[in-house]
Amino acid sequence: MLLPRPPLLAQACALACALAWASLPTQAQEIHISPAAEVLEGTPLQLRLSELPANSAIRIVSSRLARGMAGGGPQQAEAIFRSDAQGRVDLATQAPESGSYQGADVRGLFWSMQSVKASAALPPLDPEQAGEVWLQAYAGEQLLTEKKLRLRPVAPEVQVRLVEEFAGARYAVGPGTHKRGAIIVLGGSEGGSIAARSSAPLLASQGYAVLGLPYYSPPSWGPEGMKPGELPSLPPAFSNIELSRLQQARDWLAKQPEVDASRIAVYGVSKGAEFALAAASRMDWIKALVAVVPSDVIWEGWGLGQTGPDQFSSFAWEGKPLPWQPYQGMAEESAGFATGKPVHLRRPMAQGRAAHPERLAAARIPVENFRGALLMVSGSDDQMWDSAAMARNIEASRKAKGLSTVNLVYEGAGHGLSGHGWSPTTGYNAGPMKLGGSPAVDAAAQADAWPRTLQFLQQQIGR
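Numbering (this note's numbering), first residue to last: 21 to 483.
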């Protein structure tokens with residue numbers, strides 16, 4: 021009886037083991053994330069991969085759950101890179117060969133995400149872990165390595181609570197009762213508590229006491245018709261919104277033990293920037309103001325109860341409507357919401373200015389009355405309204421009086437500039453409503469404006 025020769029048996033076992041090992045992700049292949057795999061949203065990251073197959077096509081897929089107005093469905097982006105001779109890929113310096121974005125951009129796999137259908141192929145995304153992102157690297161269809169990171173929407177030590185005095189308001193603050201600068205956040209025409217829930221905690225994570233202040237809550241429409249707004253006690257129409265609500269918010273903030281009432285800034289976006297500028301022109305306690313995609317005039321109001329054009333102002337002061345600039349052709353432009361035709365609200369606003377130049381002087385916000393520091397962020401391709409031109413008008417009025425004004429105008433960017441560049445920007449022009457810009461340009465503008473905004477706030481109100 022002949023027995024197998026030991027050397028042949030050993031060789032067969034070794035080959036089988038090697039084949040089995042090759043089919044599994046190797047532990048040596050790694051995704052390196054710095055400064056850490058868990059950071060506050062907007063923190064710049066460095067992403068590198070090592071120990072990959074040399075000179076090979078490496079497909080990197082990013083996955084997360086959508087947040088905010090985008091809902092909670094899955095989103096993904098992917099790009100194919102060529103590893104170098106040492107098996108390395110560096111997302112900060114390498115452009116992908118193909119994929120959801122172009123050019124070297126460490127943020128590319130974050131802002132270029134788009135909604136996808138839920139499937140078993142997705143990584144285990146946890147809806148309880150806000151800001152969780154999975155990165156997976158493949159060679160062909162073989163998973164080489166994966167890593168989970170988390171872009172936290174709020175620092176762990178920050179406490180967020182509802183404020184009974186203001187419907188839907190959130191107050192966010194870190195530990196301790198030491199006096200610190202404070203910020204009031206005003207969202208835009210989306211209304212409700214979206215801005216209060218998102219921006220207030222993120223700004224508080226920078227060391228401020230922050231009050232997110234809703235002031236308007238429009239109804240929504242669905243298959244069953246109109247539904248009441250999220251916050252029924254707030255105005256459902258954007259008409260004659262009382263500026264004194266901001267004074268009430270300031271008085272509430274001044275009573276909080278951790279707030280230095282001499283250091284209060286206002287952060288307003290879109291219609292919230294219009295609100296903030298109009299208020300700052302009348303309230304001398306505002307030390308600094310950030311106006312993202314601002315307006316230089318008070319615009320015509322809209323919403324429930326309006327039976328025709330040019331009936332209401334957007335804002336009121338001490339019970340009296342402020343003079344406003346009317347639209348021209350708003351009904352015709354808005355018809356696109358029903359037909360699916362692209363809606364560019366910039367057009368009826370530009371037409372309104374051209375048709376009624378005699379009303380501009382009265383509608384103009386007297387921004388030179390605000391003596392504090394002002395930072396503005398705008399985009400030249402803003403299709404909601406011409407924020408870049410209006411920001412330049414504001415800048416000219418203030419600089420003529422020698423007032424501190426920083427005007428950041430981003431060429432080719434649209435209306436969606438209140439982010440930090442690390443969240444998806446692909447949905448800004450997805451529906452009939454067009455915000456302008458492009459995903460890459462908007463994300464780059466956000467990534468530049470966000471740290472400059474934080475620096476401005478630090479300089480003006482400290483922490």
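Beta carbons: idealized from backbone N, C-alpha and C, even for Gly.
| Looking only at its own chain, which residues have a Cβ that is under 7 Å from the Cβ of glutamine 480, when we skip the five neighbours before and after it? | Ala285, Lys307, Ala308, Ala393
| request: From the DSSP output, in three-state form, read off arginine 87 for me. | output: coil
| Between Thr113, Asp402, Ser334, which lies nearest to glycine 128 when the distance is taken from Cα to Cα? | Thr113
| Are tryptophan 272 and glutamate 185 close, meaning C-beta to C-beta below 8 Å? | yes
| field | From Val397, Ala370, Asp402, residue whose alpha carbon lies closest to that of isoleucine 414 | value | Val397
| query | Taking the C-alpha atoms as reference points, what is the distance between leucine 395 and valine 312? | reply | 8 Å
| Cβ pair count under 8 Å reaching 3, the stretch 101-109 against the stretch 129-144 | no
| request: Report the partner residues of glutamine 371 according to the DSSP bridge assignment. | output: Glutamine 371 is not bridged to any residue.
| Taking contact to mean at least 3 C-beta pairs separated by less than 8 Å, is the stretch 216-230 in contact with the stretch 267-283? | yes
| Under a Cβ-count criterion, where at least 16 other Cβ atoms within 10 Å of its own Cβ denotes burial, should glutamate 353 be classed as buried or exposed? | So glutamate 353 ends up on the buried side.
| request: Could you tell me the distance, in whole angstroms, from the CA atom of glycine 399 to the CA atom of glycine 62? | output: 20 Å
| field | Outcome for glycine 377 when other beta-carbon atoms lying within 10 angstroms are tallied against a minimum of 16 | value | The amino acid occupying residue 377 in the given sequence is proline; glycine does not appear at that position. Classification of proline 377: exposed, given that the 10 Å Cβ count is below 16.
| Out of Met303, Met404, Thr446, which has the shortest C-alpha to C-alpha gap to valine 387? | Met303
| said: Given 7 Å as the limit, tell me if glutamine 475 has its C-beta closer than that to any heavy atom belonging to the ligand MN. | reply: Of ligands this structure carries none, so the ligand MN is not represented either.
| said: Can you find the residues in the same chain that come closer than 6 Å, C-beta to C-beta, to lysine 167, ignoring five residues on each side of it along the sequence? | reply: Here the set comprises Ile51, Leu155.
| message | Contact defined as beta carbons within less than 8 Å: I believe glutamine 348 pairs with glutamine 371. What is the distance between those atoms, to the nearest angstrom? | response | 4 Å between Cβ atoms; contact.
| field | Identity of the residue in Leu111, Val310, Ser315, Ala97 nearest valine 153 by Cα | value | With distances taken between Cα atoms, valine 153 lies closest to Ala97.
| What do you get for proline 314, buried or exposed, if any count of 16 or more other CB atoms within 10 angstroms of its CB means buried? | buried
| Supposed contact pair lysine 361 and proline 452 - C-beta distance, whole angstroms, cut 8 Å | 7 Å
| said: Give the list of continuous beta strand (DSSP E) stretches no shorter than 3 residues that lie fully inside the stretch 335-374. | reply: The DSSP assignment places 335-337 as complete runs of the beta strand (DSSP E) inside the stretch 335-374, in order along the chain (cut-off: 3 residues).
| said: Using 8 Å as the threshold, is the C-beta distance between tyrosine 158 and arginine 68 below it? | reply: no
| Can you give the Cα-Cα distance for valine 317 and glycine 188, rounded to whole angstroms? | 27 Å
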